[in-house]
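Have a look at the structure below before the remarks.
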Amino acid sequence: MVPLSAYVAVSAVLFATGLIGVLIRRNFIIVLMAVEIMLNAANINLVAFSYYLESMAGQIVALFVIAIAAGEAAVGLAIIIVVFRGRLSTNVDELNLLKW
Amino acid sequence: MVPFFFVYFSLVSIVAGVLTIAFRNPVHCGLALLTLLLHVAGLFVLLNAEFLFAVQIIVYAGAILVLYLFVLMLLNLKTEERYLHARYAVILFAAAGICGELLLLVLRSPFGGLKGDAPAEAVLKDGASYAIGIKMFSDYLLPFEIVGVFLLGAIIGAIVLAKTPTTVDIEQSDR
């Protein structure tokens, strides 16, 4: 029997990995992939608690998270295409048009 | 058998996650992300969530990842010389510390709690998709509809953003 804390530990490590990816990568597309890693870590957490606490709510919220990840990927990649068309770069350090 | 598969799925998904943010070539990053998604789907099977397992493979690996790879091919990015942030060592050090403390706290917690109304036997009697369907279309109907509206908004937003801009003729529009 695998304890619940093992699942939560895996999820915490994956979340930290995604967070590091968002902070240190300079390519916009890889930053979005790191966000997907973080969403997956949250999903593992939700499903594990749903199983161990015997409730269906966690799996339903995990489904909503997957739907939101799909929307985020579509809009984020559309923004990347628009930015790339204008500046020919997907480096997040060079995207400072909105900086005050 | 379950602990063995748990160790396999979790170790491979963590390694794939690290490789996703460590590879230099964006296409390799996408393939590492695919490995991560498939092994997270395996973790879902261990947790009796067969419906989420199918959704994870169909939606994440089948749709979202193909969208990423499609945009990568479309943009034809050149691999940059410096692909990491200038001060990435500081961030790595801080993140490792925070993650270590988080793990310490997580592994010491008992995680007891109030049990819900769906024990494993009741779920396995009719299958996980039956249980999810009954719950989603009764108690969670309003969030379900809101997600539908959200997806419609995301579709329209993505189309409007990615459309080729038409050049506006100022003299034409004045008259």
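Just so you know, the protein sequences line up as chains B and L, in that order. Counting along the first sequence from 1, when you hit position 56 you're at 899 in our numbering, and nothing is skipped either side. Counting along the second sequence from 1, when you hit position 96 you're at 126 in our numbering, and nothing is skipped either side. C-beta atoms are modelled at their ideal positions from N, C-alpha and C, and glycine is treated no differently. What you are looking at is a predicted structure, and each value in this text was computed from that prediction instead of being measured.
Backbone CA spacing between residue i and residue j [nearest angstrom]
i, j, result
"L:ALA91", "L:ALA79", "17 Å"
"L:ILE189", "L:VAL32", "44 Å"
"L:LEU68", "L:GLY187", "29 Å"
"L:HIS115", "B:GLU937", "12 Å"
"L:PHE141", "B:ARG868", "34 Å"
"B:GLY929", "L:LEU49", "30 Å"
"B:ALA905", "B:LEU940", "35 Å"
"L:PRO173", "L:VAL57", "35 Å"
"L:LYS165", "B:ALA900", "8 Å"
"L:LEU41", "L:ILE185", "35 Å"
"B:ILE887", "L:ALA119", "28 Å"
"L:GLY127", "B:SER848", "19 Å"
"L:ALA150", "L:ARG54", "44 Å"
"L:ALA84", "L:THR196", "41 Å"
"L:GLY30", "L:VAL179", "What the structure shows of chain L is the stretch from 31 to 205, and residue 30 of chain L is not part of that stretch, so it cannot be assessed."
"L:ILE162", "B:LYS942", "45 Å"
"L:ALA44", "L:LEU134", "The sequence given here places Ile at residue 44 of chain L; Ala does not occur at that position. Each residue's Cα considered, the two are about 18 Å apart."
"L:ASP156", "L:ALA124", "47 Å"
"L:GLY146", "L:LEU132", "27 Å"
"L:SER168", "L:GLU175", "12 Å"
"L:VAL154", "L:TYR160", "Looking at the sequence itself, residue 154 of chain L is Leu, so the reference to Val does not match. The straight-line gap from Cα to Cα measures roughly 10 Å."
"B:GLU915", "L:PHE100", "16 Å"
"L:TYR170", "L:VAL177", "11 Å"
"L:ARG138", "L:ARG117", "33 Å"
"B:GLU879", "L:TYR113", "19 Å"
"L:GLY183", "L:GLN86", "22 Å"
Residue i classed as buried or exposed, judged by whether at least 16 other C-beta atoms fall within 10 angstroms
i, result
"B:ALA917", "buried"
"L:ALA62", "buried"
"B:GLY829", "Coverage of chain B is limited to positions 844 through 943, which leaves residue 829 of chain B absent and any answer about it impossible."
"L:THR194", "exposed"
"L:ALA152", "exposed"
"B:SER893", "buried"
"B:ILE903", "buried"
"B:GLY919", "buried"
Simplified DSSP state of residue i, which is helix, strand or coil
i, result
"B:ASN870", "strand"
"B:ASN886", "helix"
"L:LEU114", "strand"
Expected contact under 8 Å - CB spacing of residue i and residue j to nearest Å
i, j, result
"L:ALA46", "L:LEU66", "4 Å"
"L:TYR98", "B:ILE872", "7 Å"
"B:VAL935", "B:VAL874", "6 Å"
"L:ILE121", "B:LEU866", "5 Å"
"L:LEU64", "L:LEU95", "6 Å"
"L:CYS129", "B:ALA877", "About 15 Å; that fails the 8 Å criterion."
Beta-carbon proximity of residue i to residue j, cut-off 8 Å
i, j, result
"B:SER898", "L:ALA148", "yes"
"B:VAL851", "L:VAL136", "yes"
"B:VAL853", "B:ALA885", "no"
"L:LEU102", "L:GLY60", "yes"
"B:VAL856", "L:LEU77", "no"
"B:LEU957", "B:MET881", "Past the edges of chain B, shown from 844 to 943, lies residue 957 of chain B, and the structure says nothing about it."
"L:ALA93", "B:ALA913", "yes"
"B:ALA910", "L:LEU181", "yes"
"L:PHE81", "L:ALA158", "yes"
"B:THR933", "B:ASN870", "yes"
"B:VAL822", "L:PHE36", "With chain B represented from 844 up to 943, any question about residue 822 of chain B goes unanswered, as that position is not in the structure."
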